[in-house]
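As structure tokens, this is what we get:
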């Protein structure tokens, strides 16, 4: 493309194109400077680099002469030394703070990386030590639904029991057996506490590649996601409905049913949250049980206090009479 065609195409004056090609640019009207433009750019680059790297004065004082002297002396020292006998030592620190990063979240939000918008579901056992009133209130506040598993069916409905704990225990037995057969394991009767974290880390590293796949399969086999009751029903013991009950005596059936009722009779001492299976637990489900417990405790304390004060007479004390000596 010629100069005239470029001027017509880009709508630029032809004289401007000529000056740019000849590098005949006009000098800016200003006073003469002490340094040239190249020297000024070099000083600017040095100033920016030294402050950006935060170089200390003692480190900045090292020049080419010092480095040359160091390498010459080192080469003389390592002339007849094989490389596998040259070592290096230094110290460093491992910080427990990963640093800060800028994110967008609500002001005053704690642990924003753990915040998940929308409804969450937590599936677990229906045991009172696992749940409390404060925990359920926090779950309701954060839109978390607590769902209880059917009792005594954890082998069929608990994803961790199905897909994780079994493989974890099997791998742990293998690793522990290998350690027990080693020289260090033969000297002690049981696994020392300082060895337990290392062995557990080895187990977790070995099951890590298949962990995600196993957990997904566990939730599917437990019928949780996708929700499918056939996954559980197909693993229940099959009952033979073709048996004719007329061939069995009535007295024997009554005896078996009575024994069954005694066997499945719930224990009164154990605490259990009364909530429908598969439903979310609310604070109202726990409050009545805590009220009953607190009322019974307060009554027993009140009675004990009244007995000690003498308002309620306790059982008569036995008095022993001394026999008179004749």
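Numbering (full-length UniProt numbering), first residue to last: 1 to 326. Positions of the beta carbon are idealized from the N, C-alpha and C atoms, including for glycine. Predicted model only: the values in this text are computed from it and were never measured.
- Taking C-beta atoms as the reference points, residue 123 and residue 149 count as a pair closer than 8 Å.
- Under the 8 Å Cβ criterion, the region 210–229 does not count as touching the region 183–200, having fewer than three qualifying pairs.
- Beta-bridge pairing by DSSP links residue 286 to no other residue.
- Taken in chain order, the unbroken stretches of alpha helix (DSSP H) that lie wholly in the UniProt domain "DDE-1" (116–184) and span 4 residues or more are 133–141, 154–157, 159–163, 165–181.
- A distance of 8 Å or more separates the beta carbons of residue 282 and residue 135.
- C-alpha of residue 133 to C-alpha of residue 140: approximately 11 Å in a straight line.
- By the neighbour-count definition (other C-beta atoms within 10 Å, threshold 16), residue 146 is a buried residue.
- Of the residues 127, 11, 216, 255, the one whose Cα lies closest to the Cα of residue 286 is 127.
- For residue 219, the uninterrupted alpha helix (DSSP H) run begins and ends at 211–221, by DSSP.
- Spanning the alpha carbons of residue 152 and residue 216 requires a straight line of approximately 23 Å.
- Counting only the Cα atoms, residue 79 lies some 51 Å from residue 171.
- DSSP, reduced to helix, strand and coil, places residue 1 outside both helices and strands of the structure shown, so it counts as coil.
- When DSSP states are grouped into helix, strand and coil, residue 10 belongs to the helix group.
- Here residue 19 carries a helix assignment [DSSP, helix/strand/coil].
- Here residue 158 is buried, its C-beta having at least 16 other C-beta atoms within 10 Å.
- Residue 214 and residue 167 do touch by the CB rule: their CB atoms are close to 7 Å apart, below 8 Å.
- The distance from the Cβ of residue 3 to that of residue 18 is about 7 Å, consistent with a contact at the 8 Å cut-off.
- Contact annotation: residue 143 and residue 110 have beta-carbon atoms that are not nearer than 8 Å.
- Counted as a single uninterrupted DSSP element, the alpha helix (DSSP H) harbouring residue 199 occupies residues 196–207.
- In the structure shown, the three-state DSSP call for residue 35 is coil.
- Leaving aside the five residues that flank residue 9 on each side, the residues in its chain whose CB is nearer than 8 Å to its CB run, in chain order, 1.
- A Cβ-Cβ distance of about 22 Å is found for the pair residue 175 and residue 218, leaving them out of contact under the 8 Å criterion.
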